[in-house]
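Working notes for the structure below.
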Amino acid sequence: MSSEVGLVGMENNGNNIENTEQNNHHGLTGKKLSWKKLPRNDSLDMESRSFPKSSHASKGPSMSVIMHLAFQSIGIVYGDIGTSPLYVYASTFTHGIKHNDDILGVLSLIFYTITLIPLVKYVFIVLRANDNGDGGTFALYSLICRYAKVGLTPNQQLEDAEVSNYQLELPNNNRIKRASRLKSKLEKSYFAKLFLLLVTMLGTSMVIGDGVLTPCISVLSAVGGIKEAASSVTEGEVVGISIGILICLFMVQRFGTDRVGYSFAPIICVWFTFIGGIGLYNFIKYDPTVVKAINPKYIVDYFRRNKKDAWISLGGVVLAITGTEALFADVGHFTVRSIQISMCSVTYPALVLAYTGQASFLRKNNQHVPDTFYKSIPHPLYWPMFVVAVMASIIASQAMISGTFSIIQQSLSLGCFPRVKIVHTSAKYEGQVYIPEINFILMIACVAVTAGFKNTTKIGNAYGIAVVFVMTLTSALLVLIMIMIWKTHILLVISYVLIIGSVELVYLSSVLYKFKEGGYLPLAFAAVLMTIMYIWNDVYRRKYYYELDHKISPEKLKEIATGTNIVRMHGLAMFYSELVQGIPPIFKHYVENVPALHSVLVFVSIKSLPISKVPMEERFLFRHVEHEELNVFRCVARYGYTDVRNENEPFENLLIERLKAFVAGESFASQRAVLKDEKIEEKMNGGGDDEYDGVEESGDKEKVVVESVEKEVEAIEKAVRAGIVHLIGESDVVACKGASIGKRILIDYAYNFLKKNLRQSDKVFYVPHKRMVKVGMTYEL
Numbered sequence: 001m002s003s004e005v006g007l008v009g010m011e012n013n014g015n016n017i018e019n020t021e022q023n024n025h026h027g028l029t030g031k032k033l034s035w036k037k038l039p040r041n042d043s044l045d046m047e048s049r050s051f052p053k054s055s056h057a058s059k060g061p062s063m064s065v066i067m068h069l070a071f072q073s074i075g076i077v078y079g080d081i082g083t084s085p086l087y088v089y090a091s092t093f094t095h096g097i098k099h100n101d102d103i104l105g106v107l108s109l110i111f112y113t114i115t116l117i118p119l120v121k122y123v124f125i126v127l128r129a130n131d132n133g134d135g136g137t138f139a140l141y142s143l144i145c146r147y148a149k150v151g152l153t154p155n156q157q158l159e160d161a162e163v164s165n166y167q168l169e170l171p172n173n174n175r176i177k178r179a180s181r182l183k184s185k186l187e188k189s190y191f192a193k194l195f196l197l198l199v200t201m202l203g204t205s206m207v208i209g210d211g212v213l214t215p216c217i218s219v220l221s222a223v224g225g226i227k228e229a230a231s232s233v234t235e236g237e238v239v240g241i242s243i244g245i246l247i248c249l250f251m252v253q254r255f256g257t258d259r260v261g262y263s264f265a266p267i268i269c270v271w272f273t274f275i276g277g278i279g280l281y282n283f284i285k286y287d288p289t290v291v292k293a294i295n296p297k298y299i300v301d302y303f304r305r306n307k308k309d310a311w312i313s314l315g316g317v318v319l320a321i322t323g324t325e326a327l328f329a330d331v332g333h334f335t336v337r338s339i340q341i342s343m344c345s346v347t348y349p350a351l352v353l354a355y356t357g358q359a360s361f362l363r364k365n366n367q368h369v370p371d372t373f374y375k376s377i378p379h380p381l382y383w384p385m386f387v388v389a390v391m392a393s394i395i396a397s398q399a400m401i402s403g404t405f406s407i408i409q410q411s412l413s414l415g416c417f418p419r420v421k422i423v424h425t426s427a428k429y430e431g432q433v434y435i436p437e438i439n440f441i442l443m444i445a446c447v448a449v450t451a452g453f454k455n456t457t458k459i460g461n462a463y464g465i466a467v468v469f470v471m472t473l474t475s476a477l478l479v480l481i482m483i484m485i486w487k488t489h490i491l492l493v494i495s496y497v498l499i500i501g502s503v504e505l506v507y508l509s510s511v512l513y514k515f516k517e518g519g520y521l522p523l524a525f526a527a528v529l530m531t532i533m534y535i536w537n538d539v540y541r542r543k544y545y546y547e548l549d550h551k552i553s554p555e556k557l558k559e560i561a562t563g564t565n566i567v568r569m570h571g572l573a574m575f576y577s578e579l580v581q582g583i584p585p586i587f588k589h590y591v592e593n594v595p596a597l598h599s600v601l602v603f604v605s606i607k608s609l610p611i612s613k614v615p616m617e618e619r620f621l622f623r624h625v626e627h628e629e630l631n632v633f634r635c636v637a638r639y640g641y642t643d644v645r646n647e648n649e650p651f652e653n654l655l656i657e658r659l660k661a662f663v664a665g666e667s668f669a670s671q672r673a674v675l676k677d678e679k680i681e682e683k684m685n686g687g688g689d690d691e692y693d694g695v696e697e698s699g700d701k702e703k704v705v706v707e708s709v710e711k712e713v714e715a716i717e718k719a720v721r722a723g724i725v726h727l728i729g730e731s732d733v734v735a736c737k738g739a740s741i742g743k744r745i746l747i748d749y750a751y752n753f754l755k756k757n758l759r760q761s762d763k764v765f766y767v768p769h770k771r772m773v774k775v776g777m778t779y780e781l
């Protein structure tokens, strides 16, 4: 098969290539083609396994840089969890405070929940599971995919492991047997692979649901404070003002957050200063004895007094840790150390003071629990606090909306989401993206939820389910990573499951109890998203298997290219397809209808690796298809799930330059191999002399090598000058004859409906329209 030949065909030339590198300047200096000018790290090095590993593992940023990032992270990461004091007590005591000591029980629950989940679990454990600095559900899934072959699409290649940041740093200890056993079970079980993918999809859907509910509850809670100053303001007017702010928030998304990004951190810092300072003031003024809530005995007493009601109230307590997933999801924009510093030094102390102060206030003012936050503010600080609260809620909403865009970009790159347009709003920060279709859908959903629910209590019920589901799924994936990759001691794994896992399950049971009171919303939203994602991914895999089963063999390619009815015309054609392991069947369909081929043909596959980023110098992997006289190449353009693909990336020019470097290196290595064979043969026949001994060679034969290399590269340059055309393979799919009703609904209706209403591939890859030709074919799956 051509794929295997192309993959390993150059391995045998490894020594020759090393010799060529020692001869970089000799013989080629001063020529039209200078070896010195060729990129050193091209795909030939990768295929020959002589690619030098990039030194990504540097000493890391200095302490001043870490502190700067820690300050910036305050504005981006903590907006959601920071605005939780707006509504936690109101959502917990929905029916009022029945016993004064219940306040101590809830404060104790809040304190230990914040300490256990955001601080211990995320800051000190989950952040370690980052994927080369990037976090989130897909980061965990990608780590598992790289360690075990659990991907459902068979596009894995040996060369993928040669990418410098692909390898995992695995501990060496005596717990390898248990890890290997689990790995083997995952790889052999199709159900386990599918389950992992579905868990990742569910986690992604829940985070997107979080992106809908965060703006609703944050803005509604902040704007609701205006009733304290103007009691004549009705609930309907509060809802109307909130909807206006939300619409404005989504309308400005297309401008990006780059320009206002630096203002986020100071505002949230002011917010944390205010809530921490007011909390300390209330603690001293009203009831300093609430500090005894640090004793977990009050939690036990709270449950004894209230029983089922206490368990139900956990749905409100869990809102204290909303946005915790952002600690992990946004780590790619900062560093682990910077987030640890900002959480431990600013966010955690401020939140503890805020909740403690509110508890002190409530001990003396039980009747004010529905409006705890604004009632507990000293009167002179009311308006400054109101303004800062509204700004902080907008920032919290902005962070989750941006996070939703990033998550969908990752899903799209892994074939788990339909094609949508990705707009990069910042040339400085590549992670800042905007998706027009998703932005519109989020805006409609936010407006509908705010107008429909009208108050934070019902939204809080829905919000809690989204938050706890994501945390539970993160823990499930993390346990797999602990056992398989980190090879953590089994007692520590069990401790994690018993302590943190059990706490999350208790919270999950509580929020699910409120299913009918708004809790159904994120589950319904996740169900719709997961259905869309699964339909797209399932048919995507079916298409891939079809192309793999019907790919064109090298012999068939030669037969097609050398046919008497085929015309070879000048120029270079790039034929795009999703197939990595061969030449797609759509090419045969094209030639049968258009009997003409360009002088140079490159089959380009856009492939996503289970890593966050692929270094630019390792982007392209080239293979010379058999029958080299045909000038047919295969190129795999490799991207990580956070890599950008936009019109500003010099994709075409970069591909051509790397192709020329690959051709030159391949030709140089093969010619040198021929010279070496001739030298050996001359020695064996008693002829020859020592003129050609060693690595350095000169004279006429060296000129022949140089001229041969120049000729190969000149052929590419001539084809480029004649013109480049982009051939886009567009395959329509239909269910095959005799297919079941379920399969027909899946392919003929559901998938094709999504495809017709979403972006075409040229919009995704940014192919120049003036030089683009679409080639269509129908696959019967």
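By the count of the UniProt record's numbering, the sequence shown reaches residue 781 at its end, each step adding exactly one. Virtual Cβ for every residue (Gly too), placed ideally from N, Cα, C. Predicted model, so just to flag it, every value in this text is computed and none were measured.
Within 9 Å, strictly: CB atoms of residue i and residue j
i: VAL106; j: TYR89; result: yes
i: GLN410; j: ILE435; result: no
i: TYR576; j: GLY729; result: yes
i: PHE469; j: LEU498; result: no
i: ILE243; j: TYR463; result: no
i: ALA161; j: ILE485; result: no
i: VAL317; j: ILE110; result: yes
i: ILE117; j: VAL493; result: no
i: THR214; j: SER73; result: no
i: ASN455; j: GLU617; result: no
i: ALA722; j: VAL632; result: no
i: ILE394; j: ILE245; result: yes
i: PRO370; j: ILE278; result: no
i: ALA573; j: LEU601; result: yes
Close Cβ partners of residue i (< 6 Å) along its chain, the five nearest in sequence each way excluded
i: GLY403; result: ALA329
i: VAL767; result: HIS726
i: TYR540; result: GLY415
i: ALA750; result: ILE535
i: GLU437; result: VAL420
i: PHE71; result: ALA265
i: ALA293; result: LEU104, LEU107 and SER108
i: residue 868; result: This structure leaves residue 868 out entirely; the chain is present only between 1 and 781.
i: ASN565; result: PRO595
Identity of the residue in the options nearest residue i by Cα
i: PHE361; options: PRO349, ALA350 and TYR374; result: TYR374
i: LYS660; options: ASN132, ILE294 and PHE620; result: PHE620
i: TYR534; options: PRO370, PHE334, PRO585 and LEU412; result: LEU412
i: THR92; options: LEU319, ASN631, ILE208 and LYS292; result: LEU319
i: LEU548; options: VAL346, GLN156, ILE241 and PRO418; result: GLN156
i: ARG623; options: SER605, VAL614, LYS613 and LYS183; result: SER605
i: LEU609; options: GLY723, CYS446, ASN100 and PHE138; result: PHE138
i: GLU780; options: ARG744, LEU572 and LEU381; result: ARG744
i: THR472; options: THR324, HIS68 and PHE274; result: THR324
i: LEU196; options: GLU228, LEU182, ILE144 and SER232; result: ILE144
i: SER553; options: CYS269, VAL467 and VAL625; result: VAL625
i: GLY571; options: SER376, TYR546, PHE334 and ILE656; result: ILE656
Contacts around residue i, its chain only, beta-carbon distance under 7 Å, and the 5 residues preceding and following it disregarded
i: LYS774; result: ILE728 and GLU730
i: LEU512; result: ILE465 and GLY519
i: TRP271; result: GLY82, VAL388 and ALA392
i: ALA527; result: none
i: PHE405; result: VAL433, TYR434, ILE435 and ILE438
Outcome for residue i when other beta-carbon atoms lying within 10 angstroms are tallied against a minimum of 16
i: ASP778; result: Strictly speaking, residue 778 in this sequence is Thr, with Asp absent from that position. It is exposed - the Cβ of THR778 has fewer than 16 other Cβ atoms within 10 Å.
i: MET63; result: exposed
i: GLY211; result: buried
i: ILE441; result: exposed
i: LYS770; result: exposed
Sequence-distant residues of its chain with Cβ nearer than 8 Å to residue i (five each side left out)
i: TYR639; result: SER413, ILE606, LYS607, SER608, LEU609, VAL614, ARG619 and ARG645
i: CYS446; result: VAL212, PRO215, CYS216, LEU246 and PHE250
Review point. Any contact of the segment 64-83 with the segment 331-341, i.e. 3+ C-beta pairs under 8 Å?
Key: yes
Review point. Within the chosen definition, does the segment 576-595 reach the segment 122-139 through at least 3 CB pairs nearer than 8 Å?
Key: no
Point to revise | the segment 467-483 touching the segment 275-294, judged by at least three CB pairs closer than 8 Å | key: no
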